[in-house]
Amino acid sequence: MEIPWLVLPENDEEAKSAIDSIIDSCKKTSKPHAIVIKKGTFGSYKLQKKVPNENPVCREEAMKCVVDSIPSDSIIVSTTGKLSRELYEYRDEKGQAHEADFLTVGSMGHSSSIALGIALAKPNRKVFCFDGDGAFIMHMGAISNIGNLAPKNFVHILFNNGAHESVGGQPTLGFNINVPEIAKACGYKNAVTVSYIGEIKSTLKNVLDSEGPSLIEIKVGIKSREDLGRPKTTPIENKEAFMNFIESYGN
Ligand SMILES: Cc1ncc(C[n+]2csc(CCOP(=O)(O)OP(=O)(O)O)c2C)c(N)n1
Numbered sequence: 348m349e350i351p352w353l354v355l356p357e358n359d360e361e362a363k364s365a366i367d368s369i370i371d372s373c374k375k376t377s378k379p380h381a382i383v384i385k386k387g388t389f390g391s392y393k394l395q396k397k398v399p400n401e402n403p404v405c406r407e408e409a410m411k412c413v414v415d416s417i418p419s420d421s422i423i424v425s426t427t428g429k430l431s432r433e434l435y436e437y438r439d440e441k442g443q444a445h446e447a448d449f450l451t452v453g454s455m456g457h458s459s460s461i462a463l464g465i466a467l468a469k470p471n472r473k474v475f476c477f478d479g480d481g482a483f484i485m486h487m488g489a490i491s492n493i494g495n496l497a498p499k500n501f502v503h504i505l506f507n508n509g510a511h512e513s514v515g516g517q518p519t520l521g522f523n524i525n526v527p528e529i530a531k532a533c534g535y536k537n538a539v540t541v542s543y544i545g546e547i548k549s550t551l552k553n554v555l556d557s558e559g560p561s562l563i564e565i566k567v568g569i570k571s572r573e574d575l576g577r578p579k580t581t582p583i584e585n586k587e588a589f590m591n592f593i594e595s596y597g598n
């Protein structure tokens with residue numbers, strides 16, 4: 348793309364002078380310049396602003412409860428970040444394949460649109476979007492399409508921890524907006540907020556028995572495991588296995 352770039356030096360003085368010369372060059376040429384930062388260049392950072400979060404169930408526990416409560420041939424499109432890594436590990440833990448899950452690596456905010464396309468193409472399958480509040484807010488426009496195209500088989504599960512937990516816990520506006528009201532205003536047939544395991548199970552049961560699109564916002568705590576791994580298959584392998592899985596059962 349012909350964008351000039353450099354690797355940021357680890358030494359403070361050298362880094363400062365490299366940045367000064369990049370700023371000069373950007374001003375002179377009115378063009379962008381990229382800086383590549385190697386892992387370990389920066390020390391750890393203490394968050395300046397934390398969102399108060401007393402929710403009793405964490406994202407991973409809530410995700411496990413949802414996976415255990417839905418039919419085994421359900422299709423899941425899962426958002427960017429640790430939620431997908433947790434889902435991947437849970438399948439391993441249960442000795443299940445990963446083929447039912449599309450892990451949206453990198454494309455934050457797009458899971459609901461991907462799930463929408465699949466729900467429209469496969470009207471007889473239950474399609475779940477596992478979303479994060481940061482991702483949901485990032486591409487909130489998607490829900491107006493979901494509500495208006497209104498696939499009956501679409502279930503949106505929003506794991507709302509009020510933060511971008513996967514990348515350090517920076518606050519989002521997840522706790523400042525009324526997600527069910529927004530979803531209903533966009534045409535979702537059912538939209539509720541829950542916080543406890545019992546509520547997750549009973550709400551899922553109701554939602555599975557009724558026509559969608561439906562949204563369940565689960566207000567979750569903000570924590571994740573230090574030892575959380577990463578998928579051992581590549582995104583392309585994931586996509587291919589997933590495509591075979593959705594084709595294998597017909598519409
Ligand atoms: C367009 C874009 N911006 C930023 C990122 C980096 N990123 C990956 S996951 C994530 C946080 C996602 O936050 P949220 O959806 O609230 O989920 P949580 O991590 O809290 O479960 C960010 C910022 C990205 N992948 N794509």
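Its first residue numbered 348, the sequence shown is counted upward by one per residue in this note's numbering.
Even glycine gets a Cβ: it sits at the ideal position worked out from N, Cα and C.
Fair warning: this is a prediction, and the values are worked out from it, not measured in the lab.
{"Check": "Measuring alpha carbon to alpha carbon, tell me which of 502, 453, 566, 516 ends up nearest residue 556.", "Outcome": "502"}
{"Check": "What's the gap between the Cα of residue 381 and the Cα of residue 355?", "Outcome": "10 Å"}
{"Check": "So residue 430 and residue 406 are supposed to be a Cβ contact under 8 Å. How far apart are they, rounded?", "Outcome": "6 Å"}
{"Check": "Are residue 474 and residue 462 close, meaning C-beta to C-beta below 9 Å?", "Outcome": "yes"}
{"Check": "Where does residue 561 fall in DSSP's three states?", "Outcome": "strand"}
{"Check": "Between which two residues does the alpha helix (DSSP H) harbouring residue 508 extend?", "Outcome": "From DSSP, residue 508 is part of no alpha helix (DSSP H); its letter is neither H nor E."}
{"Check": "With three or more C-beta pairs closer than 8 Å as the rule, is the stretch 478-496 touching the stretch 513-522?", "Outcome": "yes"}
{"Check": "With a Cβ-Cβ cutoff of 9 Å, do residue 318 and residue 447 count as a contact?", "Outcome": "The shown model of the chain, from 348 to 598, leaves out residue 318, and the question about it has no answer."}
{"Check": "Taking the Cβ atom as the reference point for each residue, do residue 455 and residue 437 lie within a distance shorter than 9 Å?", "Outcome": "no"}
{"Check": "Residue 595: which of 460, 469, 359 sits nearest, CA to CA?", "Outcome": "469"}
{"Check": "Using 8 Å for Cβ pairs, my map puts residue 559 next to residue 471. What's the rounded Cβ distance?", "Outcome": "About 13 Å separates the two Cβ atoms, so there is no contact after all."}
{"Check": "Quick one: is residue 385 buried, meaning 16 or more other Cβ sit within 10 Å of its Cβ, or exposed?", "Outcome": "exposed"}
{"Check": "Answer yes or no: the CB of residue 478 versus the heavy atoms of ligand 1, is any distance below 8 Å?", "Outcome": "yes"}
{"Check": "May I ask you to report which of helix, strand or coil DSSP gives residue 522?", "Outcome": "coil"}
{"Check": "Nearest CA to the CA of residue 527: which residue from 512, 495, 570, 505?", "Outcome": "505"}
{"Check": "Does the pairing of the stretch 564-581 with the stretch 537-544 give three or more beta-carbon distances under 8 Å?", "Outcome": "yes"}
{"Check": "Assuming residue 513 and residue 535 are in contact, meaning their beta carbons sit under 8 Å apart, how far apart are those beta carbons, in whole angstroms?", "Outcome": "The Cβ separation is near 25 Å, so there is no contact."}
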